[in-house]
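Novice: Sequence order for the protein chains is U and A.
For this note's numbering, count along the first sequence from 1 and bump the result up by 757.
For this note's numbering, count along the second sequence from 1 and bump the result up by 2.
Dropping a structure here in structure tokens format, bear with me for questions.
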Amino acid sequence: MDLSILFVQIITGLAYGMLLFMIAAGLTIIFGLLSVVNLAHGALFMIGGYFTFTFINQHLNFWLALLISVILLAILGMLIERFLLNRMYGKELEQVLLTFGLIFIFTDLVKWIWGSSPKSISIPPLLDASLTIGVVTFPVYRLFVVVVGCAVALLLWYIESRTRIGAIVRAGVDDRHMLSSLGINFKLVFAGVFAFGAGMAGLSGGLGAPILGLYSGMDNDVLILSLVIVVIGGLKTWKGAFIGAILVGMVDTLGQVWFPSFSMVLIFALMVFILLIKPSGLFGKGVDA
Amino acid sequence: MLKLEEVHTYYGNSHILQGLSFSVSEGKCTALLGRNGAGKTTTIHSIAGLTPPRKGKIYFEETKIDSAPPYRIARLGIGLVPQGRRIFPSLTVKENLTMPAREPRKQTRDKKWTLDEIYELFPALKEREHNMGNQLSGGQQQMLAIGRALMTNPHFLLMDEPSEGLAPVIIEQVGDIIRMLKENGLSILLVEQNLFLACSVADEVLVMNKGQIVWQGSPQELLANEEIQHRYLGV
């Protein structure tokens, strides 16, 4: 393979990995605090993309459309947590049925509102360019997505380790009842964390739309990969999701170039390999019996 | 200040508190004694809102709190030092103290607690402020649990077996701290298995059995009453 093409594929893999990271990080943070596997998280990603598409069609610029989509997704996440999930805490089977049901509702709503034919969003003009370094030409938008993913990781690190909100969330993961006995309304924290996770899924959906396009069923594609990332990285740790997402993004992209028929098999082989070496995932602290 | 009227609390179908009634006066330390399974911790959990009663009323400074969520009860000025400390292991010692920090709900003669004052009271916590919460000895964790509750600047403190699992010399320190808190104007409900610690700090002693108060009196009266000690406390 040409060195130039290899570098472009690496950037494409990293960009895809960063999009997956933004979804998987929300998924794992929600799981860590609320003990809920939100199977509808992929659908929130998809809706984020379609919202951005709609606002751009209403002649808003890409960035404003993306911002509004993120806010709307955060509100949607808060509504899901307050009015639906709120009744299901501690009931794993009901949570699975609810979030699985939401996938069908959201997928059908997307088909009803936007139709079944794929849609696409143009890359914002500011980033619709290429950057040539030596003999290699990089697509600027993909580089930008990598930078945004790294910035999100930095932001998460800062919030988690340097702010009171981060300490409250960590304490809530440890012992939510003790947290409540110290005067913290953990239901509000739950709603806030779910909204944050949904907003990140929306951000990923909007940012990813110019690269991946929009189609009904894209939610399942990213959900499966996000769940693999969460397992590879270790449950309840977004840092694991960051490394896991880069690995999965790279294996998926390079796999599709070199072994197009086996790219999905390679991802699951990677997961099996990592779990054999470290059953709790790369950054996982342990597995509950 | 705190009043329980005919409180009935259940764990599933188990009827734990069976019509519990008592009150704690402002500025006093009241000790709640009894054997394992008497319902002491359930009493603390019922007051704190962690196991709300099915029947009966609990008042804190004229406010009915028996159906309020735990965070609202805490914000009214009730601090909790729980059994087993329940320190947050993912937080550093300093974060365990600063995360729940709150101003007092109202201006009282009670001392206002800040991080510096907690460090002054427990210098060992200052030395280990960057350690994680679970990297402390049992005694230090107990100090941290007390400090964490004080950082919410409560007017009333619920202490559930603060001497549990501690060396005798540390238990003496815990006793000194409780006396100091009382002198600073804090009202305290102390659940204890250690009769001598409880009697050395309390103004009044309540003895529980099968979810009810079966004896009430001063520490001196309890220490002189061997029959009550033998029948309900197994001494």
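Using N, Cα and C, we set each Cβ at its ideal position, and we do this for glycine too.
Would you mind telling me which residues of chain A sit closer than 8 Å to residue 1011 (chain U), beta carbon to beta carbon, in chain order?
Specialist: The residue labelled residue 1011 (chain U) in the question sits at position 254 within the first sequence. The premise fails here: residue 1011 (chain U) is roughly 36 Å from chain A at the closest Cβ pair, so nothing lies under 8 Å.
Novice: Below 8 Å on C-beta distance, what does residue 950 (chain U) contact in chain A?
Specialist: One-based indexing of the first sequence puts residue 950 (chain U) at position 193. None at all; the shortest Cβ gap to chain A is about 15 Å.
Novice: Suppose the cutoff is 7 Å on Cβ atoms and the five residues either side in sequence are ignored; what does the same chain contact list for residue 969 (chain U) look like?
Specialist: Within the first sequence, residue 969 (chain U) is the residue found at index 212, counting from 1. Cβ within range, chain order: 975.
Novice: Do residue 18 (chain A) and residue 213 (chain A) count as a contact pair if the criterion is CB distance below 8 Å?
Specialist: Counting from one through the second sequence, the residue named residue 213 (chain A) turns up at place 211. Counting from one through the second sequence, the residue named residue 18 (chain A) turns up at place 16. Going by C-beta atoms, residue 213 (chain A) is nearer than 8 Å to residue 18 (chain A).
Novice: Looking at chain U, is there any beta carbon in it that lies within less than 8 Å of the beta carbon of residue 52 (chain A)?
Specialist: Taking the second sequence and counting its residues from 1, the one referred to as residue 52 (chain A) is at position 50. Closer than 8 Å: yes.
Novice: Between the C-alpha atoms of residue 888 (chain U) and residue 895 (chain U), what's the straight-line distance to the nearest angstrom?
Specialist: The sequence position of residue 888 (chain U) within the first sequence is 131, counting from 1. The sequence position of residue 895 (chain U) within the first sequence is 138, counting from 1. Their backbone Cα atoms lie some 5 Å apart in a straight line.
Novice: On the DSSP bridge list, what partners appear for residue 2 (chain A)?
Specialist: One cannot answer for residue 2 (chain A) here, as it falls past the ends of chain A, which runs 3 to 237.
Novice: Where residue 1014 (chain U) and residue 815 (chain U) are concerned, what is the direct C-alpha to C-alpha distance, given to the nearest angstrom?
Specialist: Counted from its first residue, the first sequence places residue 1014 (chain U) at position 257. Counted from its first residue, the first sequence places residue 815 (chain U) at position 58. Taking the straight line joining both Cα atoms gives about 37 Å.
Novice: Under a three-way DSSP split, which group does residue 1015 (chain U) fall into?
Specialist: Here the question's residue 1015 (chain U) lines up with position 258 in the first sequence. Here residue 1015 (chain U) sits in helix by DSSP.
Novice: Straight-line CA distance for residue 984 (chain U) to residue 977 (chain U)?
Specialist: Working through the first sequence from its first residue, we reach residue 984 (chain U) at position 227. Working through the first sequence from its first residue, we reach residue 977 (chain U) at position 220. Going by the C-alpha atoms only, they are around 10 Å apart.
Novice: Of the residues U:1039, U:773, U:787, which one's Cα is nearest the Cα of residue 842 (chain U)?
Specialist: Within the first sequence, numbered from 1, the residue matching residue 842 (chain U) stands at position 85. For residue 842 (chain U), the nearest C-alpha among the options comes from U:787.
Novice: In this structure, how does DSSP classify residue 928 (chain U) when only helix, strand and coil are distinguished?
Specialist: To locate residue 928 (chain U), count along the first sequence from 1; it is residue 171. Three-state DSSP puts residue 928 (chain U) in a helix.
Novice: If you measure beta-carbon to beta-carbon, which residues of the segment 81 to 99 of chain A are closer than 7 Å to chain U?
Specialist: From the segment 81 to 99 of chain A, only 82, 84, 88, 90, 91, 92, 93, 97 have a Cβ closer than 7 Å to chain U.
Novice: Please report the straight-line C-alpha distance between residue 182 (chain A) and residue 1039 (chain U), rounded to a whole angstrom.
Specialist: In the second sequence, residue 182 (chain A) corresponds to position 180, counting from 1. In the first sequence, residue 1039 (chain U) corresponds to position 282, counting from 1. Cα-Cα distance, rounded: 48 Å.
Novice: Taking the straight line between their C-alpha atoms, what separation do you get for residue 763 (chain U) and residue 1012 (chain U)?
Specialist: Taking the first residue of the first sequence as 1, we reach residue 763 (chain U) at position 6. Taking the first residue of the first sequence as 1, we reach residue 1012 (chain U) at position 255. One C-alpha to the other measures close to 12 Å.
Novice: Can you find the residues in the same chain that come closer than 6 Å, C-beta to C-beta, to residue 1049 (chain U), ignoring five residues on each side of it along the sequence?
Specialist: Residue 1049 (chain U) is absent from the structure shown; chain U starts at 758 and stops at 1046.
Novice: Output yes if chain A places a C-beta closer than 8 Å to the C-beta of residue 924 (chain U); else output no.
Specialist: As a working mapping, residue 924 (chain U) is identified with position 167 in the first sequence. True, the Cβ-Cβ gap to chain A drops below 8 Å.
Novice: Can a CB atom of chain U be found closer than 8 Å to the CB of residue 77 (chain A)?
Specialist: For the purposes of this step, residue 77 (chain A) is taken as residue 75 along the second sequence, with counting starting at 1. With 8 Å as the cut-off, residue 77 (chain A) counts as an interface residue toward chain U.
Novice: Quick check on residue 23 (chain A): does DSSP put it in helix, strand or coil?
Specialist: By one-based count along the second sequence, residue 23 (chain A) stands at place 21. DSSP places residue 23 (chain A) in strand when its eight states are reduced to three.
Novice: For residue 1040 (chain U), which of helix, strand or coil comes out of DSSP?
Specialist: Counted from its first residue, the first sequence places residue 1040 (chain U) at position 283. Here residue 1040 (chain U) sits in coil by DSSP.
Novice: With distances taken from CA atoms, which of U:1000, U:793, U:761 is nearest residue 850 (chain U)?
Specialist: As a working note, residue 850 (chain U) is residue 93 in the first sequence. Comparing Cα positions, the closest option is U:793.
Novice: Going by beta carbon distance, what residues of the same chain come within less than 8 Å of residue 1025 (chain U), once the five residues before and after it are set aside?
Specialist: Stepping through the first sequence from its first residue, residue 1025 (chain U) is reached at position 268. Counting only Cβ-Cβ distances below 8 Å, and skipping sequence neighbours, we find 985.
Novice: How would you label residue 759 (chain U), buried or exposed, when you count the other beta carbons within 10 angstroms and need 16 or more for buried?
Specialist: Against the first sequence, residue 759 (chain U) aligns to sequence position 2. Looking at its Cβ environment, which holds fewer than 16 other Cβ atoms inside 10 Å, residue 759 (chain U) is exposed.
Novice: Considering just the uninterrupted stretch of the alpha helix (DSSP H) at residue 868 (chain U), what are its terminal residues?
Specialist: The residue labelled residue 868 (chain U) in the question sits at position 111 within the first sequence. That run of the alpha helix (DSSP H) goes 849 to 871.
Novice: Return no unless some Cβ of chain A is closer than 8 Å to the Cβ of residue 934 (chain U).
Specialist: In the first sequence, residue 934 (chain U) corresponds to position 177, counting from 1. Judged by the 8 Å Cβ criterion, residue 934 (chain U) is in contact with chain A.
Novice: Name, please, each residue of chain A whose Cβ falls closer than 8 Å to the Cβ of residue 998 (chain U).
Specialist: The residue you call residue 998 (chain U) lines up with position 241 of the first sequence. The premise fails here: residue 998 (chain U) is roughly 17 Å from chain A at the closest Cβ pair, so nothing lies under 8 Å.
Novice: Which residues of the segment 141 to 161 of chain A have a Cβ closer than 8 Å to any Cβ of chain C? Give them in chain order.
Specialist: The chain inventory of the structure shown lacks chain C, comprising the protein chains U and A.
Novice: Cβ of residue 790 (chain U) less than 8 Å from any chain A Cβ?
Specialist: Counting from one through the first sequence, the residue named residue 790 (chain U) turns up at place 33. It does not; no Cβ of chain A falls within 8 Å.
Novice: I want to verify the contact list: residues of chain U whose CB lies under 8 Å from the CB of residue 72 (chain A), in sequence order.
Specialist: Residue 72 (chain A) sits at position 70 when you count from the first residue of the second sequence. What residue 72 (chain A) touches in chain U: 934, 937, 938.
Novice: What do you get for residue 863 (chain U), buried or exposed, if any count of 16 or more other CB atoms within 10 angstroms of its CB means buried?
Specialist: Reading the first sequence from its first residue, position 106 is the one you call residue 863 (chain U). Residue 863 (chain U) comes out buried.
Novice: Name the chain U residues whose beta carbon is nearer than 8 Å to that of residue 104 (chain A)?
Specialist: Counted from its first residue, the second sequence places residue 104 (chain A) at position 102. Those are 940, listed as they occur along chain U.
Novice: Considering only C-alpha positions, which residue in the set U:973, U:854, U:859, U:966 is nearest to residue 872 (chain U)?
Specialist: Residue mapping note: residue 872 (chain U) aligns to position 115 of the first sequence, counting from 1. When each option's Cα is compared against that of residue 872 (chain U), the closest is U:973.
Novice: Hey, is residue 916 (chain U)'s beta-carbon within less than 8 Å of any beta-carbon in chain A?
Specialist: Here residue 916 (chain U) corresponds to residue number 159 of the first sequence, with the count starting at 1. For residue 916 (chain U), the answer is no, since every Cβ of chain A falls outside 8 Å of its Cβ.
Novice: Can you find a heavy atom of the ligand SAM that lies under 7 Å from the Cβ of residue 29 (chain A)?
Specialist: Judged by which ligands are present, the structure shown has none, so any question about the ligand SAM falls away.
Novice: According to DSSP, is residue 966 (chain U) helix, strand or coil?
Specialist: In the first sequence, counting from the first residue as 1, residue 966 (chain U) sits at position 209. Helix, per DSSP.
Novice: Quick one: grab the DSSP three-state call for residue 33 (chain A).
Specialist: In the second sequence, residue 33 (chain A) corresponds to position 31, counting from 1. Correct three-state label for residue 33 (chain A): strand.
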